[in-house]
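Below is one structure, written out as structure tokens; comments come after it.
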Amino acid sequence: MVKYIGSKEAAAKWGLTDRQVRILCGKGYVIGAIQTNKWVWCIPDDAPRPVDGRMARRYEQRNIRLGSIDITLLNALRAGNGLGDKLFTNQAFQGQLASLFSLGSALDKNHISQKEALSALSGEPRRISFLDAVKVLDFRAAILGQCGKGTGYDIVSLLSLHRIFCQGWNDRGGGMVREDGVEEGRLSCEAELVAFFRNYDSKWSSVHPIFKACLLMGQLAKLNPFPSDNGLFCILAVSAWLVGEGFLPPYLEADDMAEISADLALALGKGNYQDLARTFERTMKDAYRKVFQVAGNV
1 MVKYIGSKEA
11 AAKWGLTDRQ
21 VRILCGKGYV
31 IGAIQTNKWV
41 WCIPDDAPRP
51 VDGRMARRYE
61 QRNIRLGSID
71 ITLLNALRAG
81 NGLGDKLFTN
91 QAFQGQLASL
101 FSLGSALDKN
111 HISQKEALSA
121 LSGEPRRISF
131 LDAVKVLDFR
141 AAILGQCGKG
151 TGYDIVSLLS
161 LHRIFCQGWN
171 DRGGGMVRED
181 GVEEGRLSCE
191 AELVAFFRNY
201 DSKWSSVHPI
211 FKACLLMGQL
221 AKLNPFPSDN
231 GLFCILAVSA
241 WLVGEGFLPP
251 YLEADDMAEI
261 SADLALALGK
271 GNYQDLARTF
281 ERTMKDAYRK
291 VFQVAGNV
């Protein structure tokens with residue numbers, strides 16, 4: 001289970017100065033280092049002491065610098081457009097949920113169109129199976145259920161969210177993390193999630209919620225922790241997290257699948273979440289325009 005330490009702790013451990021450690025992290029000579037803002041690095045506790053930079057090979061770092069998107073504007077949109085009961089009756093938000101469901105189903109290669117999902121949300125399902133209609137309704141219930149809950153996400157709340165999503169169509173599988181496909185010598189999916197959330201609420205506690213949503217999407221896309229419907233649940237979990245934090249989720253559609261897939265490939269392959277964060281910024285602004293008719297330079 002990975003534990004993270006700060007640059008000062010690493011400096012004391014390796015006999016270096018704090019500045020030297022931060023420079024080495026910035027140049028890619030520290031395995032697994034994560035930059036959370038301009039000066040702050042989270043370093044795996046078991047990372048080996050970096051050797052002479054002229055001889056060390058570079059390691060890709062997870063780059064989640066806060067300066068890459070306009071946090072100030074998104075915070076202002078959150079402050080000026082509080083969520084709550086009005087989301088339950090907002091027709092534009094119902095359309096957004098249908099679009100998010102359509103994207104999730106496309107990621108699972110079981111494409112349900114936005115119109116089909118919206119028909120289920122309206123109570124008059126057309127050209128959609130009963131099973132998929134139940135999934136759509138559970139998808140909405142799980143996301144809206146986070147309104148007003150505030151911060152706090154851990155393995156328990158994630159599995160609870162999965163159980164809500166599975167009500168009525170997969171009750172026995174709700175909250176059950178898969179045990180197959182774990183390579184020898186690797187942590188189980190559940191242990192990986194526990195380790196992830198331990199850092200989520202400790203070393204990454206100061207990271208902005210939008211960046212934490214990006215990290216959550218990357219982790220779920222990496223693990224595919226459940227036996228089925230991982231694409232849908234990934235979209236659901238990220239949306240629910242943002243709603244719980246008072247933000248509208250990104251206005252993503254099935255047509256965005258190629259872009260999201262490319263962003264995740266960069267995040268998981270190179271550890272760079274910048275493109276994913278920018279996609280979130282753009283599509284969250286779209287959400288405020290469409291759902292709350294926010295005008296101006298958004």
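In full-length UniProt numbering, the protein residues as written are 1 to 298. Glycine included, every Cβ here is placed at the ideal spot set by N, Cα and C.
Are there 16 or more other CB atoms within 10 angstroms of the CB of residue 55, so buried, or fewer, so exposed?
Annotation note: pLDDT 39 at residue 55 (below 50); position unreliable, no value reported.
Between which two residues does the beta strand (DSSP E) containing residue 42 stretch?
41-44
Can you tell me which of the three DSSP states residue 6 falls into?
strand
Where residue 229 falls, given that 16 or more other Cβ within 10 Å makes a residue buried:
buried
Do you know offhand how far residue 75's Cα is from residue 82's?
11 Å
Closer than 8 Å by C-beta to residue 149: which residues in its own chain qualify, once you throw out the five before and the five after it? Chain order, please.
244
Reducing DSSP to helix, strand and coil, say where residue 264 ends up.
helix
Which residues mark the beginning and the end of the alpha helix (DSSP H) in which residue 90 is found?
Counting along the chain, residue 90 falls outside any alpha helix (DSSP H), and DSSP gives it neither H nor E.
Quick test of the definition: if touching needs 3 or more C-beta pairs under 8 Å, does the segment 209-229 touch the segment 189-201?
yes
Run the CB neighbour count on residue 39, radius 10 Å, all protein chains shown included, and call it buried at 16 or more, exposed below.
exposed
Taking the Cβ atom as the reference point for each residue, do residue 235 and residue 100 lie within a distance shorter than 9 Å?
yes
Using three-state DSSP, classify residue 293 as helix, strand or coil.
coil
Near residue 196, which residues of its chain fall below 6 Å by C-beta distance, leaving aside the five closest residues on each side in sequence?
219
From residue 113 to residue 26, what distance separates their C-alpha atoms?
44 Å
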